[in-house]
Amino acid sequence: MTMLAKESAPPSRPVVATGSSFAWALRDTSAMAGRNLRRLLRTPEQVVFNLVSPIMFVLLFRYVFGGAIKGLQGLNYVNYLVPGIAVQTVLFSAGVTGFALADDMQKGFINRLRSLPMARSAVFGGRVASDTLNNGFGLIILIATGFAVGFRPANAVGLVLAALLLLLFALAVSLGYALIGLSVRSPEAVNAATFPIIFPLTFASSAFVPVATMPGWLQGFATHQPVSVVINAARSLILGDTATAQQRTELLGGSSTGSLVMLSLAWTIGIGAFFGMLCARKYRRLTE
Amino acid sequence: MTDSAVSAENVVKSFGSDIKALDGVSLEVERGTVLGLLGPNGAGKTTMVNVLTTLLRPDSGRATVMGIDVVADPAAVRRSIGLAGQFAAVDDNLTGTENLVLVGRLNHMATATSKTRARELLDRFGLSDAAGRPAKTYSGGMRRRLDLAAALVAQPPVLFLDEPTTGLDPRSRQDLWVVIEDLVRDGTTVLLTTQYLEEADRLADRISVVDHGRVIAEGTSAELKSQLGGAVVEVTLADADEAAHVRRLLDGVADGDIAVDDEVVRVPAGKGTSTLAAVVRALDAEGVTARGLQLREPSLDDVFLALTGHGAQNVTTTRDDDVERSNA
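Going down the list, the sequences are from chains A and B. So for the first sequence, our numbering puts the first residue at 16; every next one is plus one. So for the second sequence, our numbering puts the first residue at -2; every next one is plus one.
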């Protein structure tokens, strides 16, 4: 059989270079991120979903609910809405991190990786890097759609900073999903866990309607939970100086942009560090 | 033992408090040889491979690969091993080339070297034509070859193959056997697990028979077979209910213990054709009509039956089976 023809002489063992472990970890991370992005691009239904869902949400909320939203203190609803849809988009994408890891666990791919001399951190690093890129892409689509239907941020710098803040927050949350993915080992189970977590967190927040219009018992939670804090910070960055004092008090919790951003970063770092540590521990414990 | 590529002493691994997947396994694989780990589902074969490839940490005991302790320096062990197996852990959405280049890069080979190596391996395993297609379009046999190629990218001196041909059609199995034999000829040390006696018989220099997390016999295929004392006459009855009666009937002509496996009665035949003739006479005298009758060299199946009281592919407990699946 020709297909099994032997090589005339066995090649010498390829030189496996040595280098600083940090440099290798970066290289491994980029190799893994590249693999994840290739995978994504070859899953057209996923790409289409990522494209369509932000467009659909902006249009539906803008034109279906927009007229019924009260308490905007004179703020144009589309300017209020876009940061809210943005956080919802990146949070749903965070679930993908867990889904993909569970899929790799289930198919034995993680075991192959674990038998290779690669950096352990690259399994997560590559995942988080590719998912963040994908999320950034989603945000660009979303913002472009917003522009088409009247979204007008006060300044570009604020808009970019707001987007980065949301991406960081999504990254932290995605580590929580990574933990779920490693634990349940079934992509379907991760999906099932996405809805009951992300829906209440984004809807019972300042994402789509002003918290002041919610019943009293819900307002406390909706005002202070991290998703609202991050949305308010993003909104504050985007509105900049154009926000009136009244809008700031009624819609953004009365805080300055600086303090909202600091509080968001505190939540982000706290959530990221907490789940990041649990993920690392869970991964180590796969050997038990 | 410096001559051993793989060595394990008394390896114990439990899951939970009461499930002992490995109950003190010891084995040695000499450099350049093939050790077959033979046993039914749930015997602990996969768990043992996982311990040796650093995927699982043993509760106690000691294991080394190329002289490196798997617990003390797992990273160094990973640089010396390749792992392939029944789950064919390739990325479905990547092409054959992309899968191998990724593994090369994660083995810290230069990208250009990885690409050359990928081309070489795809060529060698008859996958050149499919190199640019996503692995999800591959047949079962092609996937398994790609998986094996991925394990070989860094040319590891030791290769672990966990049930490399389970679920393959006979033709693909043959192809894979030839590939493995080539590797061994080139000096690779192989530890393979299998539940196919034929596979162990063909590929392995030495065989460790595993059951319930223990090695119950060890030796070359010939040594294991000789434990049965040569040839066997195999009587296949029409009805399993007759087996007990026939066993008593043939007790006088057998040169050892008769084994019964449902409707098949195996009679040790130290005197070859004379024993065969005696069996025929005894059956005929009692008017027993057999469906089949043959004199043959003992197979590893006979060995397994003699050692464990059950066939190699009969799953005796579902509990152990679950253990291996949950750790797959």
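We put the beta carbon where it would ideally sit given N, CA and C, even for glycine.
Q: Pull up the CB-CB distance for B/T186 and B/V26, whole angstroms please, since I reckon it's below 8 Å.
A: The C-beta distance from B/T186 to B/V26 rounds to 6 Å, short enough to meet the 8 Å contact threshold.
Q) Can you find a CB in chain B that lies within less than 9 Å of the CB of A/L197? A) With 9 Å as the cut-off, A/L197 does not count as an interface residue toward chain B.
Q | Helix, strand or coil at B/T185 according to DSSP, with G and I counted as helix | A | Looking at B/T185 - three-state DSSP - the assignment turns out to be coil, as it is neither helix nor strand.
(Q) For chain B, check one thing: does any of its Cβ atoms lie closer than 9 Å to the Cβ of A/K122? (A) Yes, because at least one Cβ of chain B sits closer than 9 Å to the Cβ of A/K122.
Q) Any chance the segment 34 to 52 of chain B sits against the segment 13 to 22 of chain B, with 3 or more Cβ pairs inside 8 Å? A) They touch, by the three-pair rule.
Q) Can you pull the DSSP bridge partners for A/A204? A) Paired residue(s): none; A/A204 is not in a bridge.
Q. For the segment 280 to 301 of chain B, which residues have a beta carbon sitting closer than 9 Å to at least one beta carbon of chain E?
A. Of the protein chains in this structure, namely A and B, none is chain E.
(Q) Taking the beta strand (DSSP E) that B/L32 belongs to, which residues open and close that run? (A) B/L32 -> beta strand (DSSP E) spans 31 to 35.
Q. From A/F289 to A/L275, what distance separates their C-alpha atoms?
A. Rounded to the nearest angstrom, the two C-alpha atoms are 21 Å apart.
**Q.** Closer than 8 Å at the beta carbon, the chain A residues around B/P161
**A.** The contacting residues do not exist; B/P161 stays about 14 Å from chain A at best.
Q.
Quick check on A/V224: does DSSP put it in helix, strand or coil?
A. Three-state DSSP puts A/V224 in coil, outside helix and strand.
Q.
Against chain B, does A/T58 count as a neighbour if the rule is that its beta carbon must be under 9 Å from one of theirs?
A. Yes, A/T58 lies at the interface with chain B (some Cβ there is under 9 Å from its Cβ).
Q. From A/S45 to A/R263, what distance separates their C-alpha atoms?
A. Looking at the two C-alpha atoms, the distance is approximately 42 Å.
Q | Chain-ordered neighbours of A/N149 on chain B, where CB pairs are closer than 7 Å | A | Those within 7 Å of A/N149 in chain B number zero; the least Cβ separation is about 15 Å.
Q: Give the single residue among A/G161, A/A144, A/N65, A/R42 whose Cα lies nearest to the Cα of A/N51.
A: The residue from A/G161, A/A144, A/N65, A/R42 with its alpha-carbon nearest to that of A/N51 is A/A144.
**Q.** B/A2 - DSSP class collapsed to helix/strand/coil
**A.** Correct three-state label for B/A2: strand.
Q.
Please report the straight-line C-alpha distance between A/V244 and A/C294, rounded to a whole angstrom.
A. So the two alpha carbons sit approximately 25 Å from each other.
Q: Spell out whether any CB of chain A is found under 9 Å from the CB atom of B/G267.
A: Output row for B/G267: interface = no.
(Q) What would DSSP say about A/F162, mapped onto helix, strand or coil? (A) It is helical.
Q | Under 7 Å from the C-beta of A/N126: neighbouring residues of chain B | A | Per Cβ cutoff of 7 Å: L52, A86.
Q: Please list, in chain order, all residues of the same chain as A/S27 whose beta carbon is under 8 Å from its beta carbon, the five residues on each side excluded.
A: Summary for A/S27: the model assigns pLDDT 43, below 50, so the residue's position carries little reliability, and this model does not support an answer.
(Q) Considering only their Cβ atoms, is the gap separating A/A178 from A/I158 smaller than 9 Å? (A) The answer is yes: Cβ separation under 9 Å.
**Q.** A/Q261 - DSSP class collapsed to helix/strand/coil
**A.** A/Q261 falls in the helix class under three-state DSSP.
Q) Does DSSP put A/G287 in a helix, a strand or coil? A) It is helical.
Q) For B/G82 versus B/A146, is the C-beta distance shorter than 9 Å? A) It is not a contact, given that the beta carbons lie outside the stated cut-off.
Q. Are B/T51 and A/R200 close, meaning C-beta to C-beta below 9 Å?
A. Not a contact, by the Cβ cut-off of 9 Å.
Q.
With distance defined between alpha-carbon atoms, name the residue in B/E215, B/E195, B/Y193, B/L194 nearest to B/R203.
A. When only C-alpha atoms are compared, the closest one is B/E215.
Q.
Looking at the strands, I want to know which residues DSSP matches up with B/K17.
A. Paired residue(s): B/S11.
Q) Where A/N247 and A/Y78 are concerned, what is the direct C-alpha to C-alpha distance, given to the nearest angstrom? A) The alpha-carbon atoms of A/N247 and A/Y78 are separated by roughly 22 Å.
**Q.** Range covered by the alpha helix (DSSP H) that runs through B/R142
**A.** Element bounds for B/R142: 137 to 149.
Q.
Between A/P202 and chain B, is the shortest Cβ-Cβ distance under 9 Å, so that the two count as touching?
A. Not one beta carbon of chain B lies nearer than 9 Å to the beta carbon of A/P202.
Q.
My output table needs one value for B/Q291: the three-state DSSP class, helix, strand or coil.
A. Residue state, collapsed to three classes: strand.
Q. Taking DSSP as the reference, what is the three-state secondary structure of A/I155?
A. In the structure shown, A/I155 sits in a helix (DSSP, three-state: H, G or I).
Q. Candidates A/S36, A/T257, A/G273: which alpha carbon is nearest A/S136's?
A. Closest by alpha carbon: A/S36.
Q. B/L53 to A/A237, Cα distance in whole Å?
A. So the two alpha carbons sit approximately 45 Å from each other.
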